[in-house]
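J.:
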Amino acid sequence: NPTGCTLTLERRKQLIKLADQYGVPIIEDDPYGQLRYEGEDLPAVELLDSQMRDKTNAYSGNVIYLSTFSKILAPGIRLAWVIAPTEVINKLVLAKQGADLHTSTFNQIVAHEVGQHGYLDRHVKMIQDTYRERRNVMIESLEEHMPNGVTWTNPQGGLFLWVNMPEQINAIDMFKDAVLQKVAYVPGENFFACGGGENSMRLNFSCTKPELINEGIARLSKVIKAKLREG
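Count along the sequence shown starting at 1, add 601, and that's the number in our numbering.
The following block contains the structure:
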């Protein structure tokens, strides 16, 4: 998120070494790790970091690993987990208590039950198949409708595609025109801290039926073509 790109195994190892060299902790936010549709499953950076150190019962590495049930079970299950060195966990516990005291016990019981009885594994397999189909439909629709000069990623996992338009198009300026056609996206500029991505957008393929994806891309393409004609 937002590009849909997957960090290769070699780059993950290089990242670990570089962060360790300069004493910089890595925060690995991994809500989409199980939503993989093709290619080899890759180990988390935290797991690689742990394997490169002395094996102990407690993790003492340089990575703070975050993940959640909200993307693989249900968005209303606001329940997540952290893997980190003990001293980091202790501070996070204090911060958590100050923020909301305690995570819903009911949500914890639900997550425990679906995990214990195999439902979660079956559910993840089902949404993998569903999202893979929707990703494929969106890519096919982009290939069918988009004008020359528009490019996009082909994600192996996650929920999003990253679309780059010709430089003369500003995604924020175009947004109102898209909404008038009843389509929306997240302008790429929103994902940059210091500027960039003005001609880019993030598209989500997970929550829309295939037939509506094709219609939405067709409408978005008309908006882009109109902007290109304006020059």
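Note that the Cβ used here is the ideal one computed from N, Cα and C, for glycine as well.
Excluding the 5 residues preceding and the 5 following I818 in the sequence, name in chain order all residues of the same chain whose CB lies nearer than 7 Å to its CB.
T.: On the sequence shown, position 217 is the one that residue 818 refers to. Excluding sequence neighbours, I818 sits near M739, S742, L743 and H746.
J.: Determine the extent of the beta strand (DSSP E) in which A827 is found, giving its start and end residues.
T.: Numbered from its first residue, the sequence shown carries residue 827 at position 226. Segment P811 to E831 is the alpha helix (DSSP H) holding A827; no beta strand (DSSP E) there.
J.: Does the pairing of the region 754-770 with the region 608-619 give three or more beta-carbon distances under 8 Å?
T.: no
J.: Using 8 Å as the threshold, is the C-beta distance between I617 and D642 below it?
T.: As a first step, residue 617 is located in the sequence shown; it is residue number 16 there, counting from the start. As a first step, residue 642 is located in the sequence shown; it is residue number 41 there, counting from the start. Going by C-beta atoms, I617 is not nearer than 8 Å to D642.
J.: Going by the CB atoms, is the gap between Y633 and K672 shorter than 8 Å?
T.: For the purposes of this step, residue 672 is taken as residue 71 along the sequence shown, with counting starting at 1. For the purposes of this step, residue 633 is taken as residue 32 along the sequence shown, with counting starting at 1. In this structure, Y633 lies closer than 8 Å to K672 by Cβ.
J.: Ends of the alpha helix (DSSP H) at Y623?
T.: Within the sequence shown, residue 623 is the residue found at index 22, counting from 1. Note, Y623: alpha helix (DSSP H), L610 to Y623.
J.: Which residue or residues does DSSP assign as beta-bridge partners of F761?
T.: Counting from 1 along the sequence shown, the entry for residue 761 is found at position 160. Answer is N805.
J.: Taking the Cβ atom as the reference point for each residue, do G789 and S801 lie within a distance shorter than 8 Å?
T.: For the purposes of this step, residue 789 is taken as the residue at position 188 of the sequence shown. For the purposes of this step, residue 801 is taken as the residue at position 200 of the sequence shown. Their beta carbons are under 8 Å apart, which means G789 touches S801 by this criterion.
J.: Jot down the residue ranges of each uninterrupted alpha helix (DSSP H) in the region 674-753, minimum 4 residues, whole runs only, in chain order.
T.: 687-701, 706-717 and 720-746
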